[in-house]
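Trainee:
Numbering (my numbering), first residue to last: -8 to 109.
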């Protein structure tokens, strides 16, 4: 499961194994072994990976995370990655996303009860 999480996070950021390994300071082969479940990272390496992706080690290890506020969308690691992508986008892209989101909200607001969602 750990390997799948690392691969998923890496692919969400559109990084190759080589790119991520270089950023973390180890070989591509070592990263490939982690992703394929052939090797487990030590604690310091696990922390380094979690810090890079801004997730908890519990998330990487697929442990149940007890949330103090389950309604907090920032507590969801997948949403956190999405928010990070938005934060890292250019100002023009951020504005375009904001306008698109406003359009979606207005469209939903204009829906009448019983109307099907489009």
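The C-beta atom is built at its ideal place from N, Cα and C for all residues, glycine as well.
Between residue -7 and residue 51, how many whole angstroms is the CB-CB distance? I'm expecting something under 8 Å.
Mentor: Indeed they touch by this definition, with Cβ atoms about 6 Å apart.
Trainee: For residue 77 and residue 85, which I take to be in contact (beta-carbon distance under 8 Å), what is that distance rounded to the nearest angstrom?
Mentor: Between residue 85 and residue 77 the Cβ distance is about 6 Å, and since that is below 8 Å, they are a contact.
Trainee: Taking all protein chains shown into account, do 16 or more other C-beta atoms lie within 10 angstroms of the C-beta of residue 22, making it buried, or fewer, making it exposed?
Mentor: Classification for residue 22: buried.
Trainee: In its own chain, which residues sit with a C-beta less than 8 Å from the C-beta of residue 53, not counting the 5 before and 5 after it?
Mentor: Correct list, in chain order: -8, -7, -4.
Trainee: Helix, strand or coil for residue 6, going by three-state DSSP, please let me know.
Mentor: In this structure, residue 6 counts as coil in the three-state DSSP scheme.
Trainee: Does the separation of the CB atoms of residue 15 and residue 38 fall below 8 Å?
Mentor: No, these two residues do not count as a Cβ contact at 8 Å.
Trainee: Would residue 31 be called buried (16 or more neighbouring beta carbons within 10 Å of its own) or exposed?
Mentor: Classification for residue 31: exposed.
Trainee: So is residue 26 buried or exposed if we call it buried at 16+ other beta carbons inside 10 Å?
Mentor: So residue 26 ends up on the buried side.
Trainee: Just mark residue 44 as buried or exposed, buried being the case when its beta carbon has 16 or more other beta carbons within 10 Å.
Mentor: Buried.
Trainee: Applying the criterion that 16 or more other CB atoms from any shown protein chain within 10 Å of the CB defines a buried residue, is residue 12 buried or exposed?
Mentor: That one is buried.
Trainee: Can you tell me which of 90, 74, 17 puts its alpha carbon nearest to the alpha carbon of residue 3?
Mentor: It is 74 whose Cα lies nearest to the Cα of residue 3.
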